[in-house]
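What follows is one structure encoded as C-alpha cells, with my remarks underneath.
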Amino acid sequence: MIKNIIEAIRKDEKFSFEKIIENNIMTDDEYFEFLKFVYIEGVPEVRTSIDSTDLMTFDNENFYMEEKEMIRAYLEDVKEKYELDDSNNSTLVEKNLKVAIKESINYSKFGFSFLDIVQEATLGVISALNYSKRINDLNLEEGYFLKNFAIKYILEYQKKLLRDVKASELSFVLYLKIQMEKDQGRSVDEICKQMGIDKDYMGQLEELFDGYDPEEAISSEELMEKANSITQAYILENIPKKLNYIDEQILVLYYGLDEKVYKENEIAKMLNISLYNVNILREKALNKLSIDLVKKDFGTEMYSQNYIN
Numbered sequence: 001m002i003k004n005i006i007e008a009i010r011k012d013e014k015f016s017f018e019k020i021i022e023n024n025i026m027t028d029d030e031y032f033e034f035l036k037f038v039y040i041e042g043v044p045e046v047r048t049s050i051d052s053t054d055l056m057t058f059d060n061e062n063f064y065m066e067e068k069e070m071i072r073a074y075l076e077d078v079k080e081k082y083e084l085d086d087s088n089n090s091t092l093v094e095k096n097l098k099v100a101i102k103e104s105i106n107y108s109k110f111g112f113s114f115l116d117i118v119q120e121a122t123l124g125v126i127s128a129l130n131y132s133k134r135i136n137d138l139n140l141e142e143g144y145f146l147k148n149f150a151i152k153y154i155l156e157y158q159k160k161l162l163r164d165v166k167a168s169e170l171s172f173v174l175y176l177k178i179q180m181e182k183d184q185g186r187s188v189d190e191i192c193k194q195m196g197i198d199k200d201y202m203g204q205l206e207e208l209f210d211g212y213d214p215e216e217a218i219s220s221e222e223l224m225e226k227a228n229s230i231t232q233a234y235i236l237e238n239i240p241k242k243l244n245y246i247d248e249q250i251l252v253l254y255y256g257l258d259e260k261v262y263k264e265n266e267i268a269k270m271l272n273i274s275l276y277n278v279n280i281l282r283e284k285a286l287n288k289l290s291i292d293l294v295k296k297d298f299g300t301e302m303y304s305q306n307y308i309n
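In terms of the numbering used here, the sequence shown opens at residue 1 and continues consecutively.
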C-alpha cells in the first residue's frame, strides 16, 4: 500500500495529509516511511481544510463557559510551565507537548472537542518519539516527524468519529448554516464556495431537512440515518475549522506554543492589529475552541437563538 501512495504522490507532485488519512489506513511504521519519503523528496503539502469564516456565532457564551475555562486553564498551565520550568528537568513528552497543542489548534474543527484533540495529538507525539533513533541516524529533522505524527493521530481520530453518529449531526449543522447564509442574501455559488461543498450535496441536505421543525429533525432517527448516508461524501478535509489564521496565531504566540511567549504589544505588531484587539480576539478564539456542535444539548440551546425562521 505504501508503494501505491508514494507512486501517486510522485505523479501529483504534491500531497494532502487529510486526503492521505481519509483514503488510507496506515500503521505507524508505514506512516514513518511515508513521512520519510515526502521529507527527503521535498514534496509540497497542500492544506485542504477550509478556513473558518465564523460558521456559527452564539449570543449566549455561558453555554460554553465551562469548556472554555477548562481550555483557558490548560493553556495557562502550559504557558506558565514553559516560562518557569528548566527544560532539563522535563520529560521528552513534556518538552514536545507544545507541538501537540499547536497542531491541535491548527486542526481544530467543528464537531470535535479541542481537549480530546490535544489528547490524540499527544499520543501521536509519543509515537513519533519511538522513532527518534532512526530519525537521528538518517539525519532527519525530528520536529517534522513529531508535528506530522500529531497530525496523523488527530486526523485518524476525526475520521473515526466522522464515520460514526457525528456525520449525521454535522450534516444538520451544515444545513442550518446554509439557511442562515441564504437568509443573508448569499447566492448558492457563494455558499458552496465558502463552505467547501458542492451544489449536489447542498441540494440533498435541503431536500432532506426542508419542512421539518429543527427539534423534530434532530430527534428523528430516520432523518439522521439518511443524513449520515449522504454526508459520507462530505469528507474529512472539508469540515470547517473552528479558527481562522489570526485566531491560531494569537493563541500560538500568547501561550508560547512556538518559540517563546510573546507579550501583547509584540503580538499586535507581528499580526498588524491594534493592541486593544489582542485580548478581544484571544477571548473570541477561546470561545470558538469551546464549541462542540454535536453535543446532545446543542440542539436545544441553538434553536432558542432563532437561527431558523
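Each residue gets a CB set at the ideal place from its N, CA and C atoms; glycine is no exception.
Q | Inter-residue CB distance, residue 21 and residue 15 (contact presumed, cutoff 8 Å) | A | The Cβ separation is near 11 Å, so there is no contact.
Q.
Just to confirm my understanding: we take residue 38, look at its own chain, exclude 5 residues before and 5 after, and list those with CB closer than 8 Å. What are they?
A. 9, 15 and 45
(Q) Just to confirm, is the Cβ distance from residue 110 to residue 291 under 8 Å? (A) yes
**Q.** Burial state of residue 103 (16 or more Cβ within 10 Å)
**A.** buried
Q.
Relative to the C-alpha of residue 147, which candidate in 241, 242 and 129 has its C-alpha closest?
A. 129
Q) If you run the structure through DSSP and keep just helix, strand and coil, what is residue 242? A) coil
Q. Exposed or buried, which one is residue 1 when buried takes at least 16 other CB atoms within 10 Å?
A. exposed
Q | Segment limits, alpha helix (DSSP H) that includes residue 271 | A | 264 to 271
Q.
By the three-class DSSP mapping on this structure, what secondary structure does residue 182 have?
A. helix
(Q) Taking 8 Å as the cut-off, does the region 180 to 199 touch the region 69 to 78 (at least 3 CB pairs, one atom from each stretch)? (A) no
Q | Buried versus exposed call for residue 5 [16 or more other C-beta atoms within 10 Å across all chains shown] | A | buried
Q. Should residue 47 go down as buried or exposed, given a rule of 16 or more other Cβ atoms within 10 Å for buried?
A. exposed
Q) Among the residues of its own chain, which have a CB less than 7 Å from the CB of residue 248, if the five just before and after it don't count? A) 105 and 106
Q: Can you grab the Cα-Cα spacing for the pair residue 282 / residue 34, in whole Å?
A: 36 Å
Q: From the DSSP output, in three-state form, read off residue 14 for me.
A: coil
Q | Exposure of residue 120, with buried meaning 16 or more beta-carbon neighbours within 10 Å | A | buried
Q | Pick from 126, 272, 158 and 245 that is closest to residue 288, judged by C-alpha positions | A | 245
Q. CB-CB under 6 Å to residue 12, same chain, minus the five flanking residues each way: which ones, in chain order?
A. none
Q. Since residue 116 is in the alpha helix (DSSP H), which residue starts that stretch and which ends it?
A. 114 to 129
(Q) Is the beta carbon of residue 239 closer than 8 Å to that of residue 205? (A) no
(Q) Going by C-alpha to C-alpha distance, which of 214, 208, 36 and 284 sits closest to residue 229? (A) 208
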